[in-house]
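Chains A and B, in that order, give the protein sequences.
Under the numbering used here, the residues of the first sequence are numbered 1 to 281, in order.
Under the numbering used here, the residues of the second sequence are numbered 1001 to 1279, in order.
C-beta atoms are modelled at their ideal positions from N, C-alpha and C, and glycine is treated no differently.
Predicted model, so just to flag it, every value in this text is computed and none were measured.
A quick write-up on the structure given underneath.
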Amino acid sequence: MLKGLGRTGAPGRFVGAIAMALANLIVVPQVRGADYTVRDVTSALFKASRDTPVDFADANLSLLDLSKLDFKRSVLTGADLYGSDLTGSSLVGADLSGTRLDRATIIGADFSEANLEDATLLRPTTGTGVTYAGPDFDVAQMARFARAKMARVHIIARLERADFRGADLTGARFTPVVTRSNTIATTPFSELAGADFSQATLVGVEMTKADLRFARFHRADLSGADLREARLARADFTGADLTGADLTGAEIEGAIFDGAKGLETVKGMDMAVSPAGEAGR
Amino acid sequence: MKATHSSLIGSLHSLALAVLLAVGLAGVVLVGPSPAQTTLPQVDTALVLAVDVSNSVDERRYNLQLDGIAKALEDPSVISAILNGPRGAIILSIVTWSDRADVALPWMVIRSTDDAREVAARVRAIPRLSGEFTCLSRALEFVNDKVLAQVPADALKTVVDVSGDGRDNCNADTSVAAMRDIIVGYGTTINGLPILEGSEGATLEQYYTDNVKGGFGSFVLAADGFDDFGRAIRQKFIVEISAAPSPAPRGSLAEGPVDVLGIRKPFRFARVPEPGQAR
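Rendered as structure tokens:
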């Protein structure tokens, strides 16, 4: 249809270009057909080894059932994994930098030691919906990100009790950002209750309004972290570095700050509140 | 810590030694997921048994199917058919399916009577999984995507053996016949074992003939109810194992993935960069 407009001459081409630009704005999110079949991917991974991984760089793997696969440190740089099913898959050590994992199903997926720098993980399916503190919560079903490189990753997700131990989350964002082509940005804030960020690097991380109740930040580096209005009740910051962090309006009832560094430089500590509205320290 | 080249080679040697020991001691190899690191076993047939465990298959019927498969594997005629093939071995996997499909028995090599008995014992020990619907198209999709895509053997022929007591009732995006055609496009033969019992018994054999059966030398062999399953699967085994391979096998592991839908860019296998080396 738009091609036809192009044949009417320069004015037509101009109109066509405008129409195309508008169409690009309206059609969100963009999902096109995958470049490979599931059988292609499975077969390639089966034949690969960890020292000769498969290169899926920039490949469209959206909406594929990639569950229970061992990616054997595959290169997935810039790949599109929108809506793919990664349930129970091993992405240990994989290069996922710049990938789109939005709406993917990541129940029990293992991203340990993977490179997720500049990746997006917006509204993935992460579990069965049971409450993290409930008796039916199976922590084995939660995705794992231990020691992953996650600088500048953008996450909006329910990742309660997820394992982020030792991960590099420098400049990561856990907050919705309104973008031109992203209806997903209307989602609630990240729910990370009980998540473990022990020894993680969270320099400059954005966790505004995130639910971080009972989260563990043992010896984590939170310098410059944006924790405004975050729910930090009973979070454990033992030995963490909070130099220059902003806790304005955060809920800190029962939070533990034993041995935490840089508390004197924390912004808004005096404005942090308990759920009852009581001023903080 | 990164493994050095020499330690990696050492690990491979250890792995190969472990595999050889497993062959010698147990007689059965549960083949691992890294064929690039091991020599693929040479077999005549790679056989997938796709077994219906939907709502209509109660515990008695489930046991009749599994016990029927186990007894067939122990049957002297079946063992003879296996051992007298050109390569004297087959590789077998079992998938159970209903709402969803899953691997109930991972790929196992049978190249001796003891192997067959060991696999039969494992078949009898498969825990019962059940579901509600008869999602035959999804089962074939699973077999295609997750089982046939990783056959850890160099097989002269690949056969999928579908058994069930009803037609697909899941309204999947891809029809049963279309999934059949995709699998057959890779050079695989699909045989049907409809179990003629219940409300669909009168029409199921024709349904399997029209929608399930496909590929070189394919056939449908019906069981006259669940009590007849053991006889049918035994007969089917012998025919399948003894059958000649397809004259133009496609999609074998050695050839790599076959593109049945058109030209696709090939996969690239990249070396892992050394520590500190930019990609």
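- Within a 10 Å sphere around the beta-carbon of A/Gly204 sit 16 or more other beta-carbons, which makes this residue buried.
- Burial state of B/Asn1144 is buried, judged by a 10 Å Cβ sphere holding 16 or more other Cβ atoms.
- Only those residues of the stretch 32-47 of chain A whose C-beta falls short of 9 Å from the nearest C-beta of chain B are listed: Asp35, Tyr36, Thr37, Val38, Arg39, Asp40, Val41, Thr42, Ser43, Ala44, Leu45, Phe46, Lys47.
- DSSP links B/Pro1194 through a beta bridge to B/Gly1164.
- If you ignore the 5 residues before and after B/Val1103, its C-beta comes within less than 8 Å of the C-beta of Ser1093, Ile1094, Val1095, Lys1146, Val1147, all in its own chain and listed in chain order.
- DSSP, reduced to helix, strand and coil, places B/Leu1064 within a helical segment of the structure shown.
- DSSP places B/Gln1042 in the uninterrupted beta strand (DSSP E) bounded by 1042-1052.
- Nothing from the stretch 138-168 of chain A brings a Cβ to less than 7 Å from some Cβ of chain B.
- A distance below 8 Å between beta-carbons, with the five flanking residues on each side excluded, links A/Ser49 to the following residues of its chain, in chain order: Lys72.
- Across the structure, B/Arg1111 and B/Arg1124 are spaced so that their CA atoms are roughly 19 Å apart.
- Only residues of its own chain outside the window of five on either side were considered, and among them Val38, Ser84, Asp85 have a CB closer than 8 Å to the CB of A/Asp65, listed in chain order.
- In terms of beta-carbon proximity, B/Ala1149 lines the interface with chain A, with at least one pair separated by less than 8 Å.
- In this chain, the beta strand (DSSP E) harbouring B/Ser1093 covers 1090-1097.
- Here A/His154 is bridged, per DSSP, to A/Thr120, A/Arg173.
- The beta-carbon distance between B/Ile1195 and B/Ser1163, rounded to whole angstroms, is 6 Å. This is short enough to meet the 8 Å contact definition.
- The way I'd put it, the stretch 1079-1086 of chain B doesn't touch the stretch 1127-1144 of chain B; fewer than three beta-carbon pairs between them come closer than 8 Å.
- Within a 10 Å sphere around the beta-carbon of A/Thr265 sit fewer than 16 other beta-carbons, which makes this residue exposed.
- Look at A/Val205 here: in three-state DSSP terms it is coil, with no helix or strand label.
- With a threshold of 16 other beta carbon atoms within 10 Å, B/Ser1054 meets it and is buried.
- Here the C-alpha atom of A/Ser112 lies approximately 11 Å from the C-alpha atom of A/Ser89.
- Look at A/Lys267 here: in three-state DSSP terms it is strand.
- By the CB criterion at 8 Å, A/Gly249 and A/Glu229 fall inside the cutoff.
- Given a length threshold of 3 residues, the stretch 38-119 of chain A has no whole run of the beta strand (DSSP E) inside it.
- Checking the DSSP bridge columns, you'll see B/Ile1110 partnered with B/Ile1090.
- Here A/Asp236 is bridged, per DSSP, to A/Arg216, A/Ile256.
- Considering only A/Ala200, A/Ala114, A/Leu202, A/Asp211, the residue with the shortest C-alpha distance to A/Glu160 is A/Asp211.
- Annotated three-state conformation of A/Asp168 is strand, per DSSP.
- Residues of the same chain with a CB within less than 7 Å of the CB of A/Phe257, apart from the 5 flanking positions on each side, are Phe237, Leu263 in chain order.
- The criterion of a C-beta distance shorter than 8 Å is not satisfied by A/Thr120 and A/Ile107.
- Interface with chain A (8 Å Cβ-Cβ cutoff): B/Asp1099 is excluded.
- B/Thr1158 is bridged by DSSP to B/Ala1046.
- Of the candidates A/Ala140, A/Ser97, A/Asp80, the residue whose Cα lies closest to the Cα of A/Ala109 is A/Ala140.
- By the rule that beta-carbons nearer than 8 Å mark a contact, B/Lys1146 touches chain A.
- Contact annotation, A/Val75 with A/Asp102: C-beta distance approximately 20 Å; criterion of less than 8 Å not satisfied.
- Per DSSP, the continuous alpha helix (DSSP H) segment holding B/Thr1209 begins and ends at 1204-1211.
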